[in-house]
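Okay, structure first, notes after.
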Amino acid sequence: MSTLEKALGKSDFAAQKSPLESIVRSLRTMRVKSLEELDLNVRGRLITTLLRVQRQTRPPQPEAGESGAAQAAPEAGAEATPAPAEATGGEGAATAPAEGAEAAAPAEGAATPAAPAADPAKEKFQAYVDVMYLVGRAWRAVGDQERASAAFALSGREPQPEREEPAAARPPAGERREGERGERRDRGERREGRERGERREGREGERRDRPERGERRERGERAPEGERRGRDDRERRQPLPELTGDWSEQAKQLEGMGRTRDAARMHERNNSFADATRLFEAGGDLKSALRTALAGKDNDTARRLMATVPAEQLPQVLEKAGAYELLMEIYIGKGDFENVARLYERARQFDQAALAYERAGKLALARKAYERTRDFAAANRVRDLEVKALVERGDRLGAATLLVNAGRGKEAVEVLGTLPPPKAFHFLNRLKLADEAKALAQKELARAEAENKPAGRARWLELLGESATAAALYEEIGRKEKAMVLYEQIGHLPKAAALAEELQLRDKATELFTKLGDNEGVQRAQALPATPPPKRPADAAAAAEEAEETGAEGAKGSEASSSAPTANEQESQ
5 MSTLEKALGK SDFAAQKSPL ESIVRSLRTM RVKSLEELDL NVRGRLITTL
55 LRVQRQTRPP QPEAGESGAA QAAPEAGAEA TPAPAEATGG EGAATAPAEG
105 AEAAAPAEGA ATPAAPAADP AKEKFQAYVD VMYLVGRAWR AVGDQERASA
155 AFALSGREPQ PEREEPAAAR PPAGERREGE RGERRDRGER REGRERGERR
205 EGREGERRDR PERGERRERG ERAPEGERRG RDDRERRQPL PELTGDWSEQ
255 AKQLEGMGRT RDAARMHERN NSFADATRLF EAGGDLKSAL RTALAGKDND
305 TARRLMATVP AEQLPQVLEK AGAYELLMEI YIGKGDFENV ARLYERARQF
355 DQAALAYERA GKLALARKAY ERTRDFAAAN RVRDLEVKAL VERGDRLGAA
405 TLLVNAGRGK EAVEVLGTLP PPKAFHFLNR LKLADEAKAL AQKELARAEA
455 ENKPAGRARW LELLGESATA AALYEEIGRK EKAMVLYEQI GHLPKAAALA
505 EELQLRDKAT ELFTKLGDNE GVQRAQALPA TPPPKRPADA AAAAEEAEET
555 GAEGAKGSEA SSSAPTANEQ ESQ
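Right, dumping it as structure tokens:
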């Protein structure tokens, strides 16, 4: 086909004939009854190439007057000058003696009539006709009668019945001796074959003289697949007989000959699915019988034939055939309500899909399906179940997210109220409940002041955005590293650099003094030890107090919870 495609790209009809003839011979040798019997890649490429050839622009047909005028000159000079040997095509032309050739040669200087010029338009049109006829033969070889008829109509020629390949033409004289040698070799091989056959017959005679064997045991029944494969091979080897009448009469003739599968295919092509199912089943092709039963909406027969298909392949077969009712029966029998819900969604029956999702435990998908049907009461009921499940699982942020999206902010605050205050404060800010988060922080700040816990006060002041006050309080209680960070955040670099130098943090002090442009400070920082000193007991006690007041353990839990996907993220997944 690559040679044909190259000629097709050049629109060379004459060059397309030879590869098309090879394709027709190959297809006839394969003896396929339909395109479906070909390999998927071969079938796709064959259909594409033949359709491209068939869609070529038809060249204009030359008129009879033009062709007659083109032939007038050679006919007029035919009496004066003999035709060349190649033009006559006679056998004597190839073996003419040299003397005759010299005698027939014209005298030197005499005028010689020109050879008849071929008509390019006529040759191109004739090549187009031949190409279309070969395309029709190719379609007929794969059992596609409709496309074959269209190609034969384009060629303007009546389709002829296929015959055996004609015998090879007589070879030229130069090749005849080689052919004779080949014939002699063939005769020698046939003689050796007869001698081998005689020896074989002698051995068989010796075997017949041996005592007879006992009766062979009966072979068990062959599997249906094996029977079908053997029957298919036999039918492919047998050529399709000549049929008469319309397709229904031809199908009856095939059925009478025992060619049930060929008859079934003919019924299937003409949408007679009941008879196609019956004939496929009679021929042992149960998979094709199931396909035609599904195409004909014969669910009773399809249910009976479904038992012959492997269970893991059955959903794919039914979905490909569009038999969603039978597919749903299978999913319900297996308890696979998630796939049942998807089938309902495909049919846009969202109320039934919501019930199936709820039964499958997919609450988020069930809630969305209820919302699409505007059944908000059912959607709220499923949302409450979803919130409850998330709280039991420990995902309070996901539960609060669902409530906030439904406009139930107060309930979201209640869900987060059982968490440690710093964790609840961060989650409220993530949910954009800034007022509720600020109220929680002020409440906790007042409690820390009442209980005289400076570390807690500093932490809540920091969360409320009062960084300067929090830094001063951190410095007062000995948490100078926290104070340094806050001073740097608010831009009080001299204070931050002094604290870094006091804490003997060489790299940090060098960085801060460099930003200030204080060369003396940089020199002092570079003189500090590379390793900072260990924390003093007072600093450790202050850190423990802050952890106790602000719930550092809860903050660790908040990091774990915030890293888990929220309810909305779960729905998107």
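With positions in the sequence shown counted from 1, the corresponding number in this note's numbering is that position plus 4.
All residues carry an ideal CB built from backbone N, CA and C; glycine is no exception.
Near V489, which residues of its chain fall below 7 Å by C-beta distance, leaving aside the five closest residues on each side in sequence? Within the sequence shown, the letter at position 485 stands for residue 489. Contacts found: none.
Which residue comes first and which comes last in the alpha helix (DSSP H) that contains V36? Reading the sequence shown from its first residue, position 32 is the one you call residue 36. No alpha helix (DSSP H) holds V36; DSSP gives it neither H nor E.
Q: With a 10 Å radius around its C-beta and 16 neighbouring C-beta atoms as the bar for buried, classify D304 as buried or exposed.
A: Sequence index remark: in the sequence shown, residue 304 carries index 300 (1-based). Result: exposed.
Contact between the region 417-428 and the region 381-400: three or more CB pairs below 8 Å? yes
message: For A351, which residues in the same chain have their Cβ closer than 8 Å to its Cβ, ignoring the five residues on either side in sequence?
response: For the purposes of this step, residue 351 is taken as the residue at position 347 of the sequence shown. Excluding sequence neighbours, A351 sits near Y328.
To the nearest angstrom, how far is the alpha carbon of A404 from that of P424? Locating residue 404 in the sequence shown gives position 400, where the first residue counts as 1. Locating residue 424 in the sequence shown gives position 420, where the first residue counts as 1. Rounded to the nearest angstrom, the two C-alpha atoms are 15 Å apart.
When burial is assigned at 16 or more other CB atoms within 10 Å of the CB, is A459 buried or exposed? Numbered from its first residue, the sequence shown carries residue 459 at position 455. Buried, since its Cβ has 16 or more Cβ neighbours within 10 Å.
request  = Can you tell me which of the three DSSP states V146 falls into?
outcome  = The count along the sequence shown starts at 1 and reaches residue 146 at position 142. Coil at V146, not helix or strand.
Tell me the rounded alpha-carbon separation between A306 and L294. The count along the sequence shown starts at 1 and reaches residue 306 at position 302. The count along the sequence shown starts at 1 and reaches residue 294 at position 290. Rounded to the nearest angstrom, the two C-alpha atoms are 6 Å apart.
State the Cα-Cα distance for the pair Q257 and D250, rounded to the nearest angstrom. To locate residue 257, count along the sequence shown from 1; it is residue 253. To locate residue 250, count along the sequence shown from 1; it is residue 246. One C-alpha to the other measures close to 11 Å.
Cut-off 8 Å between Cβ atoms - residues of its own chain near A373, not counting five sequence neighbours on either side:
Sequence index remark: in the sequence shown, residue 373 carries index 369 (1-based). Taken in chain order, the residues that qualify are A345, E349, F354, D355, A357, A358 and Y361.
Delimiting residues of the alpha helix (DSSP H) encompassing A293
Sequence index remark: in the sequence shown, residue 293 carries index 289 (1-based). L290 to A299 is the span of the alpha helix (DSSP H), which, as asked, contains A293.
Given T264 as reference, the closest of E253, D279, L283 and R387 once Cα atoms are compared: Position 260 of the sequence shown holds residue 264. When only C-alpha atoms are compared, the closest one is L283.
Close beta carbons around T518, own chain, < 7 Å, minus the five adjacent residues each side | One-based indexing of the sequence shown puts residue 518 at position 514. The residues are V526.
Report back the beta-carbon spacing between I336 and L318 to the nearest angstrom; my notes put them in contact at under 8 Å. Here residue 336 refers to the residue found at position 332 when the sequence shown is read from its first residue. Here residue 318 refers to the residue found at position 314 when the sequence shown is read from its first residue. The Cβ separation is near 14 Å, so there is no contact.
### Message
Quick check on the burial criterion: 16 or more other C-beta atoms within 10 angstroms. Buried or exposed for F17?
### Response
Residue 17 sits at position 13 when you count from the first residue of the sequence shown. So F17 ends up on the buried side.
Option in R59, P66 and R49 with minimal Cα separation from A154 = Counting from 1 along the sequence shown, the entry for residue 154 is found at position 150. Of R59, P66 and R49, the residue nearest in Cα terms is R59.
- Query: Does the pairing of the region 430-439 with the region 408-417 give three or more beta-carbon distances under 8 Å?
  - Reply: Flag = yes, the region 430-439 and the region 408-417 touch.
Exercise for the section: Can you grab the Cα-Cα spacing for the pair K21 / Y137, in whole Å? Expected result: Taking the sequence shown and counting its residues from 1, the one referred to as residue 21 is at position 17. Taking the sequence shown and counting its residues from 1, the one referred to as residue 137 is at position 133. Whole-angstrom Cα-Cα distance: 10 Å.
- Using the rule of at least 16 other Cβ atoms within 10 Å of the residue's Cβ for burial, across every protein chain shown, is T53 buried or exposed? As a working note, residue 53 is residue 49 in the sequence shown. By the neighbour-count rule (16 or more Cβ atoms within 10 Å), T53 is buried.
Alpha carbon to alpha carbon, how far is Y478 from L516? Give it in angstroms, no decimals. Reading the sequence shown from its first residue, position 512 is the one you call residue 516. Reading the sequence shown from its first residue, position 474 is the one you call residue 478. Near 20 Å, if we compare the C-alpha coordinates of Y478 and L516.
Since H430 is in the alpha helix (DSSP H), which residue starts that stretch and which ends it? Start at 1 with the first residue of the sequence shown, and residue 430 comes out as number 426. Secondary structure note for H430: its alpha helix (DSSP H) is the uninterrupted segment P425 to R434.
Please say whether V146 and V36 have beta carbons closer to each other than 8 Å?
Position 32 of the sequence shown, counted from the first residue, corresponds to residue 36. Position 142 of the sequence shown, counted from the first residue, corresponds to residue 146. For V36 and V146, yes; Cβs fall inside 8 Å.
- Message: Please report the distance separating the alpha-carbon of Q446 from that of A428.
- Response: Residue 446 sits at position 442 when you count from the first residue of the sequence shown. Residue 428 sits at position 424 when you count from the first residue of the sequence shown. Here the alpha carbons of A428 and Q446 stand approximately 13 Å from one another.
Query - Buried/exposed call for E448, threshold 16 Cβ in 10 Å - result: Residue 448 sits at position 444 when you count from the first residue of the sequence shown. Its Cβ being crowded by 16 or more others within 10 Å, E448 is buried.
Burial state of I494 (16 or more Cβ within 10 Å):
In the sequence shown, residue 494 corresponds to position 490, counting from 1. Exposed.
Exercise for the section: Return helix, strand or coil for S276, following the three-state DSSP convention. Expected result: Translated into the one-based positions of the sequence shown, residue 276 becomes position 272. Coil.
- Query: What did DSSP end up calling M488 once you bin it into helix, strand or coil?
  - Reply: Stepping through the sequence shown from its first residue, residue 488 is reached at position 484. Of the three classes helix, strand and coil, the one that applies to M488 here is helix, per DSSP.
- prompt: Based on Cα-Cα distance, which residue from T377, R378 and A383 lies nearest to K366?
  reply: Position 362 of the sequence shown, counted from the start, is the residue given in the question as residue 366. Here the closest residue by C-alpha is A383.
With distances taken from CA atoms, which of P63, D399 and R378 is nearest P124? In the sequence shown, counting from the first residue as 1, residue 124 sits at position 120. Comparing Cα-Cα distances from P124 to each of P63, D399 and R378, the minimum goes to P63.
Considering just the uninterrupted stretch of the alpha helix (DSSP H) at L54, what are its terminal residues?
For this step, residue 54 is matched to residue 50 along the sequence shown. Taken as a continuous stretch (DSSP letters only), the alpha helix (DSSP H) holding L54 covers L44 to Q58.
Worksheet entry | Assumed close pair R371, V386 - CB separation to whole angstroms, cut-off 8 Å | Position 367 of the sequence shown, counted from the start, is the residue given in the question as residue 371. Position 382 of the sequence shown, counted from the start, is the residue given in the question as residue 386. Contact holds; Cβ gap of about 4 Å.
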